[in-house]
């Protein structure tokens, strides 16, 4: 077979192409795995012998293929808790200015009021011990109510005192004596002889306008730390609190301003510097402040202040019973046919209620606050329905000591009318005995037993 020159060239080119496609010794074969790359489309060109020769002569040398690295598997990201961003409130110029104004107002209030507040120290009866007889001392707080040097305080601060001394903020000290008392509301008035320039009475406010949420400032002598001031708010303006065997104190102001033993008798002020209450007691399991303090409303003191200043022992009409408001659950437990009224829990011997023939319940279960059975239910007083103890107290406040009142009662299913002549609260006519205070189970006044 004869090959032309052109045929020889074509055969040579074909052999060269075949050789180029065979891998060189030691070179790995191309794998089928490859990264997809976009290649532009190349126009198809019809090959001729001339183009084949040119391709053989001008073709660039083939680059050696690089070894391919197996693709690595990236583990999925691990979910981690994102940190909670901390938001820091940045005080604005206006908020700082408002706080500064409030701070200035409280400082100015304290500067004005503290000279009117006195430390009361008392000397009680001697206490006998194996080492001898020692005087007992007490302390409390009071404040001037007029320019005559009369001081308002709590009755329990001076109740058994044999000697009383008052000390002003500047250190001035003088003896004092009790002028008048309202023991039913735990109030007393002292009188001390002091230079007129030292006596600076506090303005008395209007406790009927006090609202929960208002600021409340207490000044006093907690644990003997004289002229201490604390700030809080009015938590409630309508608390009823027991007062020993006497009638309960009503409309008391509750505050979270820190008050402690020694604050008793001190003023509770509003931001105007007006007295809205007389700090009286705290609710605490630790004999210290837990943010629950109580003050007698100043309106109660103002109503009886003229009598106390006149040297009179304020007397309030009193029946000598302890009662509890009925509710459906209590009525069911006691087997009563009514769900409303005041259930007579206890009664003092010789009291107006005892003389009138009222019946008290059997002793309560010592493990619960549920009273015993057999007590009368007071349905009305002088024709006015009674749903709670406060209803009876409100009505008694409109009467005088010695007035007769008619009580409509329910006794073993029968409705009766009993007439009682009121006596003074804590009257000496009561021959003896005492009434216990049953602690509240839920904080509501209708679950508490009070003496009235």
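Residue numbers (our numbering): 133 to 584.
Glycine included, each C-beta is placed from N, C-alpha and C at the ideal position.
On the criterion of 16 or more Cβ atoms from any shown chain inside 10 Å, does residue i qualify as buried, or is it exposed?
i           : result
residue 236 : exposed
residue 449 : buried
residue 349 : buried
residue 368 : exposed
residue 534 : exposed
residue 387 : buried
residue 258 : exposed
Per DSSP, what kind of secondary structure is residue i in: helix, strand or coil?
i           : result
residue 329 : helix
residue 350 : strand
residue 424 : coil
residue 490 : coil
residue 524 : helix
residue 321 : strand
residue 286 : coil
residue 506 : coil
residue 584 : coil
residue 465 : helix
residue 230 : helix
residue 406 : coil
residue 501 : coil
Would you kindly work out how many angstroms separate the C-alpha atoms of residue i and residue j, rounded to a whole number?
i           : j           : result
residue 549 : residue 461 : 26 Å
residue 454 : residue 411 : 25 Å
residue 483 : residue 423 : 37 Å
residue 554 : residue 485 : 8 Å
residue 491 : residue 345 : 43 Å
residue 469 : residue 546 : 10 Å
residue 466 : residue 365 : 41 Å
residue 510 : residue 476 : 7 Å
residue 337 : residue 245 : 14 Å
residue 284 : residue 519 : 34 Å
residue 341 : residue 265 : 50 Å
residue 464 : residue 478 : 20 Å
residue 296 : residue 253 : 6 Å
residue 298 : residue 527 : 38 Å
residue 238 : residue 311 : 33 Å
Measuring CA to CA, which of the options is closest to residue i?
i           : options            : result
residue 315 : 536, 467, 445, 476 : 445
residue 441 : 313, 251, 298, 260 : 313
residue 294 : 255, 280, 242, 532 : 255
residue 243 : 360, 354, 529, 513 : 360
residue 512 : 332, 523, 499, 504 : 523
residue 334 : 405, 372, 498      : 405
residue 473 : 495, 539, 557      : 539
Could you give the C-beta distance for residue i and residue j, rounded to a whole number, given that I count them as a contact under 8 Å?
i           : j           : result
residue 426 : residue 384 : 5 Å
residue 379 : residue 372 : No, residue 379 and residue 372 are not in contact; Cβ-Cβ is about 10 Å, not under 8 Å.
residue 289 : residue 396 : 5 Å
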